[in-house]
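Participant:
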Amino acid sequence: MPVLHLIAGPNGAGKSTLYRYLIQPRYPQLPFVNADLYEREQLGHIRHAVRRSEAARAWADVQRKTHLEAGQAFVSETVFSHPSKLQLIAEARASGFEVALYAVCLDDPRRLLERVQQRVHEGGHDVPVNKILARYPRTLENLRLAVREVQLAMLFDAADTETGGPHVVASVVGGQVRPHGPWLPAWARKVLGPAGAA
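In terms of this note's numbering, the sequence shown is residues -12 to 185.
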């Protein structure tokens, strides 16, 4: 059965870092659908930033649809703030895929702003402050809904990336929550629901 590996979290949370540390080493042969990478590497000729981002998102949508229709396992990265990403999970499951959701987040959205600015300083893409802050609660709500719809969900806290990238704080397997330590960050408690019950 093919698997959709879906890496989800707010801008600046560390999705690309999680891909490099966890997914790519384990599944190096899988296509990686990443609109940000495509925008940076292939769309530099489009000068207007909004049009460039729209073109990258459209490319990613086509790539995901193509992989689903072909029944080909793949990895995709998303901010997960739009309901269409919940639809992506439903479409994947209807197409015979298992879905592994890797949620990466942190409690303080202001730290996301700092990380995005650091990324820009290092040559990466920018995201407006108002978009980052507006997307954060929508991302958490969509993650809350999604953990109930996938075969495996793993929650990674990215508050301390000095010690080797985001670290897993909980997983949900077949609807059963499995904490990975004595403490859950507030964002993970919101995603998992009351008393951590998915």
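We put the beta carbon where it would ideally sit given N, CA and C, even for glycine. Being a predicted model, the structure only gives us computed values, none of them experimental.
Pick helix, strand or coil for Tyr89, following the three-state DSSP scheme.
Facilitator: The residue you call residue 89 lines up with position 102 of the sequence shown. When DSSP states are grouped into helix, strand and coil, Tyr89 belongs to the strand group.
Participant: What ranges does the alpha helix (DSSP H) occupy inside the stretch 129 to 159, keeping only unbroken runs of at least 4 residues that lie completely in it?
Facilitator: none
Participant: Our contact map puts Val155 next to Pro172 with C-beta atoms below 8 Å; I'd like the distance itself, whole angstroms only.
Facilitator: By 1-based counting over the sequence shown, the position of residue 155 is 168. By 1-based counting over the sequence shown, the position of residue 172 is 185. The Cβ separation is near 12 Å, so there is no contact.
Participant: Please tell me whether Phe244 and Ser82 are closer than 9 Å, where the distance is taken between their beta carbons.
Facilitator: No answer is possible for residue 244: the residues shown for the chain start at -12 and end at 185.
Participant: Out of Leu(-7), Ser40, Thr4, point me to the one whose CA is closest to Leu192's CA.
Facilitator: Residue 192 lies beyond the stretch modelled for the chain, which goes from -12 to 185, so this question has no answer here.
Participant: Put Pro96 into one of helix, strand or coil per three-state DSSP.
Facilitator: Walking along the sequence shown from the start, residue 96 turns up at place 109. Helix, per DSSP.
Participant: Which ranges would you report for the alpha helix (DSSP H) in the stretch 29 to 98 if only whole runs of at least 4 residues count?
Facilitator: DSSP runs (the alpha helix (DSSP H)) wholly in the stretch 29 to 98: 36 to 57, 71 to 81.
Participant: Indicate the three-state DSSP secondary structure (helix, strand or coil) for Gln163 in the structure shown.
Facilitator: Here the question's residue 163 lines up with position 176 in the sequence shown. Looking at Gln163 - three-state DSSP - the assignment turns out to be strand.
Participant: Tell me the rounded alpha-carbon separation between Gly161 and Val178.
Facilitator: Taking the first residue of the sequence shown as position 1, residue 161 is located at position 174. Taking the first residue of the sequence shown as position 1, residue 178 is located at position 191. Each residue's alpha carbon lies about 16 Å from the other.
Participant: Which residue or residues does DSSP assign as beta-bridge partners of Ala(-5)?
Facilitator: On the sequence shown, position 8 is the one that residue -5 refers to. The partner list for Ala(-5) (beta bridge, DSSP) reads Thr65, Ala90.
Participant: If you drop the 5 nearest sequence neighbours on each side, which residues of the same chain put their C-beta closer than 6 Å to that of Tyr25?
Facilitator: To locate residue 25, count along the sequence shown from 1; it is residue 38. Excluding positions up to five away in sequence, the list reads Ala43, Trp46.
Participant: Could you tell me the alpha carbon to alpha carbon distance between Pro153 and Ala146, rounded to whole angstroms?
Facilitator: Taking the first residue of the sequence shown as position 1, residue 153 is located at position 166. Taking the first residue of the sequence shown as position 1, residue 146 is located at position 159. In a straight line, the C-alpha of Pro153 is about 7 Å away from that of Ala146.
Participant: Which word fits Lys72, buried or exposed, when buried means at least 16 other C-beta atoms lie within 10 angstroms of its C-beta?
Facilitator: Taking the first residue of the sequence shown as position 1, residue 72 is located at position 85. Its Cβ being crowded by 16 or more others within 10 Å, Lys72 is buried.
Participant: Please work out which residues of its chain come closer than 8 Å, Cβ to Cβ, to Gly180, disregarding the five sequence neighbours upstream and downstream, and give them in chain order.
Facilitator: For this step, residue 180 is matched to residue 193 along the sequence shown. Contacts found: Arg131.
Participant: Out of Arg97, Phe61, Lys52, Ala90, state which residue places its alpha-carbon closest to the alpha-carbon of Leu75.
Facilitator: Locating residue 75 in the sequence shown gives position 88, counting from the first residue. Selected option, being the one with the closest Cα: Lys52.
Participant: Return the CA-CA distance between Lys2 and Gly(-4), expressed in angstroms with no decimal places.
Facilitator: Here residue 2 refers to the residue found at position 15 when the sequence shown is read from its first residue. Here residue -4 refers to the residue found at position 9 when the sequence shown is read from its first residue. When rounded, the distance between both Cα atoms is 7 Å.
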